[in-house]
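Per this note's numbering, residue 12 is the first one in the sequence shown, and the count goes up by one each step.
Just so you know, even glycine gets a beta-carbon here, dropped at the ideal spot from N, CA and C.
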Amino acid sequence: MKVSVTDLRPARYKWAVVAMLWSICFFNYADRQAIFSVFPLLEKELHLGPVELGLLGSAFAWVYGLGAPLAGVIVDRIKRRSAILGGLQVWSIICVATAISRNFSHLIFFRAAEGAGETFYYPASVSMLSDYHGKATRSRALGFLQTSVYMGTIGGGFFAGLIGQRYGWRSSFVVFGGLGILLGFVLRKYLREPVRGMSDDAPPQQRIPVGEAFRLILSNRSVLCLMGAFVCANFVAVVLLSWMPKFLYERFGMSLAAAGLAATVYAQLASMAGASIGGWLADTLARHTPRGRVMVQASAVLLAAPFVLLCGLAPSLTLVIVALTGWGFCKGFYDANIFASPFDVIPPQARGTVAGLMNCVGWFAGGGTAPLVVGLVARERGLGFAIAAASGVYVLAGLLLATCLLFLPRRHPAAVHTA
């Protein structure tokens, strides 16, 4: 007898949901990463300078970030399945449409529109997973989901460069967007909506009003510190993801495909390992102390800072690869707990909202400024210096996370069950 995905027992289906959301997130990041690997082609064909190339990265992040709070509020009030699958179809169509661009204005419009299309996915997906996975497996589930970010970044970076150098930069957008549209039709049969709060110890509660949800989040000092750290961490990540392909292409004379692959594969594969280990470690520590997840994050960003410095200053390709690998591994530890940490202190009815706010500040203030800031600094001091300078932002993230620890209790209350 044939068994569909939705016929699986709850213990298995909750991991099937992770796999389905993983496949969607792969295209989410492949679509957004693709453009960075074809920067040299855009530079030649459309005569774009460093600041204009930086604006292409910033335009996506600004719209993505600005739309995130509204997306989070909506996600807490509609079926997350609809937000996830609808968003996938919309951003995939926009990705395909990017191929018709004929000038900088067209490109920046489609990049901004893609940011609007993708803004619903993460608040909806992490909220959905938090209902399928309780505290005992939440960091592992979110950590595994995070590995799709790394694989999507590798796929977008390498295949966009490979397709671009053989068939032109427009073809990569058609390929990635078309596959995303197809995936959306397939998953409509299998992805189903969970009951909100079903994995938490507390019984389901009524919906929290919008104003109360924002007050609850913005009055929580530990969440504010986590948001500040996410701004810093996202700034550094976007610096390396957006500018390393061009840096390797120019510094070491690599091809577009090789530069796109080298800029992503070592860091992202290391991040996959880091996210898996970091998720397991955070879940383990969280059973013993409410500070467990944040302790993992703080250690990760402080250990990553020297590797970022080396990325921009290393005199050889070998050292750059070592630096990217070390940074990626530390990044995975941090990434596995981006949303698991605030979910420990925010009720299920407001988790879409807090994820939206996290994405807003992280992408608008962090990811949105990073490509442009580096473009401006690179014009004056060189791209290597601009990348290396981003290491200081990681140190600031570490300080914010250390401050967050002061607002969290050392031990779980006796009445709270963490397993």
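Reduced DSSP category for residue i - H, G, I as helix; E, B as strand; rest coil
i, result
"residue 21", "helix"
"residue 49", "coil"
"residue 196", "helix"
"residue 266", "coil"
"residue 506", "What the structure shows of the chain is the stretch from 12 to 430, and residue 506 is not part of that stretch, so it cannot be assessed."
"residue 261", "helix"
"residue 211", "coil"
"residue 420", "coil"
"residue 111", "helix"
"residue 412", "helix"
"residue 206", "coil"
"residue 8", "Residue 8 is absent from the model: the chain starts at 12 and stops at 430."
"residue 9", "Only positions 12 to 430 of the chain appear in the structure, and residue 9 is not among them; the question remains open."
"residue 273", "helix"
"residue 30", "helix"
C-beta atoms of residue i and residue j nearer than 7 Å
i, j, result
"residue 344", "residue 289", "yes"
"residue 126", "residue 71", "yes"
"residue 130", "residue 286", "no"
"residue 222", "residue 41", "no"
"residue 150", "residue 351", "yes"
"residue 45", "residue 128", "no"
"residue 28", "residue 133", "no"
"residue 381", "residue 61", "no"
"residue 342", "residue 282", "yes"
Own chain, CB closer than 7 Å to residue i, minus 5 neighbours either side, in chain order
i, result
"residue 59", "53 and 115"
"residue 260", "51, 267 and 270"
"residue 429", "For residue 429, the predicted structure reports a pLDDT of 40, less than 50, and the residue's modelled location is therefore unreliable. The matter cannot be settled from this model."
"residue 91", "135, 138, 139 and 204"
"residue 14", "Reliability of the predicted coordinates at residue 14 is poor, the pLDDT of 38 falling under 50, and no value is obtained from them."
"residue 265", "259 and 273"
"residue 165", "275, 276 and 279"
Cβ neighbours of residue i in the same chain (closer than 6 Å, five flanking residues each side left out)
i, result
"residue 172", "48, 267, 268 and 271"
"residue 364", "83, 84, 87 and 224"
"residue 256", "47, 48, 270, 271 and 274"
"residue 308", "345, 348 and 412"
"residue 236", "411, 414 and 415"
"residue 183", "45, 171, 174 and 175"
Spatial neighbours of residue i in its chain, beta-carbon cut-off 8 Å, leaving aside the 5 residues before and after
i, result
"residue 332", "273 and 277"
"residue 123", "70, 71, 73 and 74"
Take every Cβ of the region 91-98, pair it with every Cβ of the region 331-351, and state whether three or more of those distances are shorter than 8 Å. no
Runs of alpha helix (DSSP H) wholly within the region 33-93 (minimum 4 residues, chain order): 50-56 and 61-86
Could you check whether the region 365-377 touches the region 76-86, counting it as contact only if at least three pairs of C-beta atoms, one from each stretch, sit closer than 8 Å? yes
Hey, which unbroken runs of the alpha helix (DSSP H) at 4 residues or more fall wholly within the region 343-404? 351-354, 362-371, 381-392 and 394-400
Alpha helix (DSSP H) runs wholly inside the region 280-320, at least 4 long, in chain order: none
Answer yes if the region 225-233 comes into contact with the region 101-112, meaning at least three C-beta pairs across the two stretches below 8 Å, and no otherwise. no
Quick one: any contact between the region 405-419 and the region 235-243, if contact means 3 or more CB pairs under 8 Å? yes
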